[in-house]
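J.: Following this note's numbering from start to finish, the sequence shown increments by one per residue and tops out at 944.
Glycine is no exception: its CB is placed at the ideal position from the N, C-alpha and C atoms.
My questions all concern the structure below.
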Amino acid sequence: MQPESPSDVWIGREAELAVLRSAVENLGRGTGAAVWVEGEPGIGKSALVARGLEAAREAGYGVLAGVADPMSQRSPLRVMLDLLQVGPRSADPRRARIAAALRERRLGLLEAADVGWVEIELLAGLVDELCTAGPTVLVVDDLQYLDEVSFLMWHRLVTAVDQLPLLLVTTCRPVPRRREVQDLRAALARRGHPLLVLEPLADGQAAALLAGLPGLGELPASVRDRLRELALGNPLYLRELADAARRSGASGRGARLPSSFAEALTGRLRVVPEGSAEILRMAALLGGRFAVTEVAVLMRRPAAELVLGLQDALAAGIVVDAGSHMAFRHPLIRQALYDGMPAALRAALHREAAQTLADSGGGALRVAEQLLASGQPGDAWAREWLAGTATALAAHAPEIAIELLCRDVDQAVVEDEHGEVLLVVLAWVLLGVARHDEAVVRARQALAAASRSGHRAEMYFVLVRALFSLGRNSEAVEAVRRALARTDLPVAWRARLLGSLAMYQRAGEGDVEAAERTARQALHMAESVGDSFGTAYALTVLWVNQSIRRDHLAALASLDRALEVLRAGPDHTDLLAFAQDARIFTLQNLARWPEAAAALRQERDSGVRGPAAVRPGVTTAVLRYWLGEWADARAELDPEHLTEVGFTYSGLREPGPSLLWHGVAALIAARQDQRDAARAHLRDGAALPVSTIGDRENQDFLIAARSVVLEQDGDPRAAMTTLAGTLLDRRPGEMSLIHQWLPDLLRLALANEDPDTARAALAACRAEADAESAPGRAAAALLRCQGLLDGDPEPLRAAVEHYRATGPAVELAATLEDLATVLAATGAHAEAREALHEAVTRYGEFGAEWDIRRAEGRLREHGVRRGVRGRRAARELTGWDALTPTELRIAELVADGQSTPGIAAGLFLSPRTVQTHISHILGKLGMRGRVEIAREVFRRRAG
2 MQPESPSDVW IGREAELAVL RSAVENLGRG TGAAVWVEGE PGIGKSALVA RGLEAAREAG
62 YGVLAGVADP MSQRSPLRVM LDLLQVGPRS ADPRRARIAA ALRERRLGLL EAADVGWVEI
122 ELLAGLVDEL CTAGPTVLVV DDLQYLDEVS FLMWHRLVTA VDQLPLLLVT TCRPVPRRRE
182 VQDLRAALAR RGHPLLVLEP LADGQAAALL AGLPGLGELP ASVRDRLREL ALGNPLYLRE
242 LADAARRSGA SGRGARLPSS FAEALTGRLR VVPEGSAEIL RMAALLGGRF AVTEVAVLMR
302 RPAAELVLGL QDALAAGIVV DAGSHMAFRH PLIRQALYDG MPAALRAALH REAAQTLADS
362 GGGALRVAEQ LLASGQPGDA WAREWLAGTA TALAAHAPEI AIELLCRDVD QAVVEDEHGE
422 VLLVVLAWVL LGVARHDEAV VRARQALAAA SRSGHRAEMY FVLVRALFSL GRNSEAVEAV
482 RRALARTDLP VAWRARLLGS LAMYQRAGEG DVEAAERTAR QALHMAESVG DSFGTAYALT
542 VLWVNQSIRR DHLAALASLD RALEVLRAGP DHTDLLAFAQ DARIFTLQNL ARWPEAAAAL
602 RQERDSGVRG PAAVRPGVTT AVLRYWLGEW ADARAELDPE HLTEVGFTYS GLREPGPSLL
662 WHGVAALIAA RQDQRDAARA HLRDGAALPV STIGDRENQD FLIAARSVVL EQDGDPRAAM
722 TTLAGTLLDR RPGEMSLIHQ WLPDLLRLAL ANEDPDTARA ALAACRAEAD AESAPGRAAA
782 ALLRCQGLLD GDPEPLRAAV EHYRATGPAV ELAATLEDLA TVLAATGAHA EAREALHEAV
842 TRYGEFGAEW DIRRAEGRLR EHGVRRGVRG RRAARELTGW DALTPTELRI AELVADGQST
902 PGIAAGLFLS PRTVQTHISH ILGKLGMRGR VEIAREVFRR RAG
């Protein structure tokens, strides 16, 4: 909807208007902002915005606006899609492609969906491209009715206004104040964006407004006073009351004034002919904004026949033209029309509208909204429609789907063949959105009622997955065994259930051998019937087992088979993304670092979409950590737009990935000597439970970071025992890669003169290396441990050469430090100094300030300093020289006019990571937007 046109009579609001006009002026200079406009209904929020944005429209800026209504809260991103004009029939190919991609979205079998995150990424990319083309203004009216995902989308855009020529404007009522509204308002306040609160007009301002309205010149003073008294300083109320007084002839003796705003609105509606009123009542069923074609469909009349009636409504000021749609001039007008219909009539009309829209090809969401608004359980047609549509509907609007399904399951007014299907779909949807307790209840309910073997098999799978997710493992295993005991269980589902059992046997019981046997049985069954999901699922279980045994070559082969099957079969993006991440992990285990980086680029370039593909880049951050690309790793983990809203991606709802996320961030911060940041992540990580093997596998970075902080605090013994307590206690079935931390443990043991712990670390590393089917990371770590314990530089030299040839950069720098220390202890001071210098130089490249001080301290004990090369130059914190290589490349691309999605595609980064890098560039350069970055790049190119 377009904001309502500003009235010719404008009274007050000069300060608020100046804020909006200043924001538009700054937008023309490339500086974005977010403006919050708050006030009661009718106080003039939309009129203020319309007048404040006049200059933006006159300048040709892109101005897009949308309006939320009570129906919006259960329709994820409906307002955002309308606002950005994204639809399958869009003339803009970008918008049409996004609409097509969203239409294909489905809930996954493996991982709970975060409905909306894929859409947010796509829509944020579209906004970025619009801003690259020119200054852009986005307006949302009645923000208090937005759905949760749209709030997250708006938060995401708020974090971008510092970089883009983007002005965000929202209007909102002060009550009711939902949590999401409070969070967004607080986030804007923290960022220093203007919050405009519109108060009622003062009495003098109300009098001036009345004096300027046409046709009221002869109103007696007593009538004017009464109108102001009734309006309470509300401009809309005052206008409507005054217009009602004019229509009723209140200037004459004995004329009656309306007693309230509601009565004034009713009077306005009475001035249009009955034909127009009928059109408006049907339009009111569709919400505050409606398409004329939809109204025509509901009334079963050609659109041409509605022209005169709608023109009367326009002339009466009831509706306004909103581009491709029409809209009620104010939500209160639509509400008055809607409430004027008896409840039973409204329910019947909503039900009829649902079927009419469905028969005419209307979207599933629009139909579902009408069914939901009817407030009644579905009849035969509605149940049939829901049975066939609910799964696809749930991928976009799960809350609406769940509410409709629950209503038709629990309050069925007819007994038909659809009841079983509705219950099965309901259980699937609840599992898909991670409402596991409810999924268990519905799956058991469906099992009791199931008459078809396929439905029964599906419900056993849902039940098992939900129980495992709740940690009710014994119940889950019992459910698997009951299912497998049935003779009518389809082979594909038998294979999938066996895969779930195998995963539990490893993760829950630590029985790798049993898990191996079960997984191979599942694989054989799935392959026999060509089930791509079951085949790949079993192969990923085998990958876990092979990784535990350190048979990384076999693990890689299992993943390659799984990926081949998934790419050739139906869409299972959740499992595909998991397998791709696992492959990157395995290539690291094999010390094939260039291939791991290439696999990451291929994954980013492959267009995989799904919850796992858009969650924060934990896998990417781990890889970039070892490669020494710490600025990029921190950008992948940037929490800014998540912490603003207290929300996490699906991959971080479980403790395991969250432990790893905080661990990588904490370890980088600690090694860069940013101790406050490190401690904050350690606190957050310590608050998470470590209750499963998966949790233990993901806590190693946190343990390493805690050890570094303890060492920084002058307690090397506590640092040692912290590492030893985890690394030397690897549980059955645990995959944890302890070899990557054992050299640090051994170093600390030597510093603490604890030979027993040092020998235990060496023995553990030798066991890891011996287990590797092909020499990989553990073999190189063993050389480092052996050289440290024996004080022998030769194994350390061999390790240095290995890391020079294969990487990673972090382990090369640390091994050079160890080599320098051992050389110094043997009296080879010149060679030690060379190794120290290289170690410090490499540490400096990724900002490891703590490691530099530690290395110099270790060598100083042996009388070795870096000497003639001079003191290491301090790393710049601000200015052009403070930019990292990635930030420099991004600055150049910004100057070339590339959008965030374009930069991301070219550098194989996520758009969110590019946005974080741009924020860092702006902070280091003290700039306010991309225009200033481009100006600086041009200046440097010219110079």
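Output needed for Glu385: all residues of its chain with C-beta closer than 7 Å, excluding positions within five of it in sequence on either side, in chain order.
T.: By one-based count along the sequence shown, residue 385 stands at place 384. Taken in chain order, the residues that qualify are His419.
J.: Are Glu545 and Arg521 closer than 8 Å when you measure CB to CB?
T.: As a working note, residue 545 is residue 544 in the sequence shown. As a working note, residue 521 is residue 520 in the sequence shown. The sequence shown places Val at residue 545, rather than the Glu named in the question. The answer is no: Cβ separation not under 8 Å.
J.: For Ala892, which of Phe702, Ala556, Gly930, Leu860 has the nearest alpha-carbon?
T.: Here the question's residue 892 lines up with position 891 in the sequence shown. Considering only alpha carbons, the answer is Gly930.
J.: Measuring straight from C-alpha to C-alpha, what distance separates Val20 and Ala190?
T.: What you label residue 20 is simply residue 19 of the sequence shown in a count that begins at 1. What you label residue 190 is simply residue 189 of the sequence shown in a count that begins at 1. Put simply, the backbone Cα of Val20 is about 15 Å away from that of Ala190.
J.: Taking 8 Å as the threshold (C-beta atoms), are Gly363 and Leu372 in contact?
T.: Residue mapping note: residue 372 aligns to position 371 of the sequence shown, counting from 1. Residue mapping note: residue 363 aligns to position 362 of the sequence shown, counting from 1. Taking 8 Å as the Cβ cut-off, Leu372 and Gly363 do not qualify as a contacting pair.
J.: Tell me whether Phe291 sits in a helix, a strand or coil according to DSSP, three-state version.
T.: Position 290 of the sequence shown, counting from 1, holds the residue named residue 291. Residue state, collapsed to three classes: strand.
J.: By the 10 Å Cβ neighbour count, where 16 or more other Cβ atoms means buried, how is Gln312 classified, buried or exposed?
T.: Position 311 of the sequence shown holds residue 312. Flag for Gln312 reads exposed.
J.: Alpha carbon to alpha carbon, how far is Gly63 from Gly193? Give it in angstroms, no decimals.
T.: One-based indexing of the sequence shown puts residue 193 at position 192. One-based indexing of the sequence shown puts residue 63 at position 62. One C-alpha to the other measures close to 24 Å.
J.: Can the beta-carbon of Val162 be found less than 8 Å from the beta-carbon of Ala34?
T.: Working through the sequence shown from its first residue, we reach residue 162 at position 161. Working through the sequence shown from its first residue, we reach residue 34 at position 33. Judged by their CB atoms, Val162 and Ala34 are nearer to each other than the 8 Å cut-off.
J.: How many angstroms separate the CA atom of Gly455 from the CA atom of Leu387?
T.: Counting from one through the sequence shown, the residue named residue 455 turns up at place 454. Counting from one through the sequence shown, the residue named residue 387 turns up at place 386. Answer to the nearest angstrom: the Cα atoms are 19 Å apart.
J.: Is the number of C-beta pairs between the stretch 883-891 and the stretch 741-753 that are closer than 8 Å three or more?
T.: no
J.: What does DSSP give as the partner residue(s) for Leu299 in the beta ladder?
T.: Counting from one through the sequence shown, the residue named residue 299 turns up at place 298. None; Leu299 has no bridge partner.
J.: So, using beta-carbon positions, are Ala354 and Leu423 closer together than 8 Å?
T.: Locating residue 354 in the sequence shown gives position 353, where the first residue counts as 1. Locating residue 423 in the sequence shown gives position 422, where the first residue counts as 1. Not in contact: Ala354 and Leu423 (Cβ atoms no closer than 8 Å).
J.: Please confirm whether Ala770 and Leu743 have their CB atoms less than 8 Å apart.
T.: Counting from 1 along the sequence shown, the entry for residue 770 is found at position 769. Counting from 1 along the sequence shown, the entry for residue 743 is found at position 742. Note that the C-beta distance between Ala770 and Leu743 is not below 8 Å.
J.: Using only CA atoms, which one of Ala632, Glu275, Ser47, Gln164 lies nearest to Cys173?
T.: As a working note, residue 173 is residue 172 in the sequence shown. Of the candidates Ala632, Glu275, Ser47, Gln164, the one whose C-alpha sits nearest the C-alpha of Cys173 is Ser47.
J.: So does the stretch 783-797 actually touch the stretch 820-829, counting three or more Cβ pairs closer than 8 Å?
T.: yes
J.: For Gly930, which of helix, strand or coil comes out of DSSP?
T.: On the sequence shown, residue 930 is found 929 positions in, with the first residue counted as 1. The answer is coil: DSSP assigns Gly930 none of H, G, I, E or B.
J.: My output table needs one value for His437: the three-state DSSP class, helix, strand or coil.
T.: As a position in the sequence shown, residue 437 is number 436, starting the count at 1. Three-state result, His437: helix.
J.: Terminal residues of the continuous alpha helix (DSSP H) containing Leu84?
T.: Position 83 of the sequence shown, counted from the first residue, corresponds to residue 84. Note, Leu84: alpha helix (DSSP H), 79-84.
J.: Taking contact to mean at least 3 C-beta pairs separated by less than 8 Å, is the stretch 471-479 in contact with the stretch 661-668?
T.: no
J.: Looking at the ligand FAD, does it come within less than 7 Å of Ala97, judged from the CB to the closest heavy atom?
T.: Within the structure as shown, the ligand FAD is missing, as the structure has no ligands at all.
J.: How far does the alpha helix (DSSP H) with Ala278 in it reach, from first residue to last?
T.: The residue labelled residue 278 in the question sits at position 277 within the sequence shown. Where Ala278 is concerned, the enclosing alpha helix (DSSP H) stretches over 275-286.
J.: From Ala134 to Glu17, what distance separates their C-alpha atoms?
T.: Sequence index remark: in the sequence shown, residue 134 carries index 133 (1-based). Sequence index remark: in the sequence shown, residue 17 carries index 16 (1-based). Rounded to whole angstroms, Ala134 to Glu17 spans 29 Å at the Cα level.
J.: Could you tell me which whole alpha helix (DSSP H) segments of length 4 or greater appear in the stretch 581-606?
T.: 594-606
J.: Under DSSP, the alpha helix (DSSP H) around Met721 begins and ends at which residues?
T.: As a first step, residue 721 must be located in the sequence shown, where it is residue number 720. Met721 -> alpha helix (DSSP H) spans 717-728.
J.: Let's test the definition: count the other Cβ atoms within 10 Å of the Cβ of Val176 and tell me whether it reaches 16, buried, or not, exposed.
T.: Mapped onto the sequence shown, residue 176 falls at position 175. Under this definition Val176 is an exposed residue.
J.: Count the other CB atoms within 10 Å of the CB of Val116; is the residue buried (16 or more) or exposed (fewer)?
T.: As a working mapping, residue 116 is identified with position 115 in the sequence shown. Since pLDDT at Val116 reaches only 48, below the 50 mark, its modelled position is unreliable, and the value read off the structure follows with that caveat. By the neighbour-count rule (16 or more Cβ atoms within 10 Å), Val116 is buried.
J.: Going by other Cβ atoms of all chains shown within 10 Å of its Cβ, with 16 needed for buried, is Pro733 buried or exposed?
T.: Looking up residue 733 in the sequence shown gives position 732. Classification for Pro733: exposed.
J.: Measuring alpha carbon to alpha carbon, tell me which residue in Gln581, Arg30, Gly40, Arg79 is nearest Ala57.
T.: Along the sequence shown, one-based indexing puts residue 57 at 56. The residue with the shortest Cα to Cα distance from Ala57 is Arg30.
J.: Could you check the C-alpha separation between Ala578 and Phe909 for me, to the nearest Å?
T.: As a first step, residue 578 is located in the sequence shown; it is residue number 577 there, counting from the start. As a first step, residue 909 is located in the sequence shown; it is residue number 908 there, counting from the start. Cα to Cα, the separation comes out at about 16 Å.
J.: Where does the unbroken alpha helix (DSSP H) through Thr541 begin, and where does it stop?
T.: What you label residue 541 is simply residue 540 of the sequence shown in a count that begins at 1. 533-549 is the span of the alpha helix (DSSP H), which, as asked, contains Thr541.
J.: What did DSSP end up calling Asp417 once you bin it into helix, strand or coil?
T.: Indexing the sequence shown from 1 puts residue 417 at position 416. Note: Asp417 maps to coil in three-state DSSP.
J.: Under a three-way DSSP split, which group does Gly389 fall into?
T.: Residue 389 sits at position 388 when you count from the first residue of the sequence shown. Note: Gly389 maps to helix in three-state DSSP.
J.: Using DSSP with H/G/I as helix, E/B as strand and the rest coil, what is Thr887?
T.: Stepping through the sequence shown from its first residue, residue 887 is reached at position 886. Helix, per DSSP.
J.: Shortest alpha-carbon distance to Phe702 belongs to which of Leu299, Thr620, Asp716, Arg760?
T.: Numbered from its first residue, the sequence shown carries residue 702 at position 701. When each option's Cα is compared against that of Phe702, the closest is Thr620.
J.: Alpha carbon to alpha carbon, how far is Arg610 from Leu576?
T.: To locate residue 610, count along the sequence shown from 1; it is residue 609. To locate residue 576, count along the sequence shown from 1; it is residue 575. With a pLDDT of 39 at Arg610, under the threshold of 50, the predicted position of this residue should be treated as unreliable, though the coordinate-derived value follows. Distance between the alpha carbons of Arg610 and Leu576: 11 Å.
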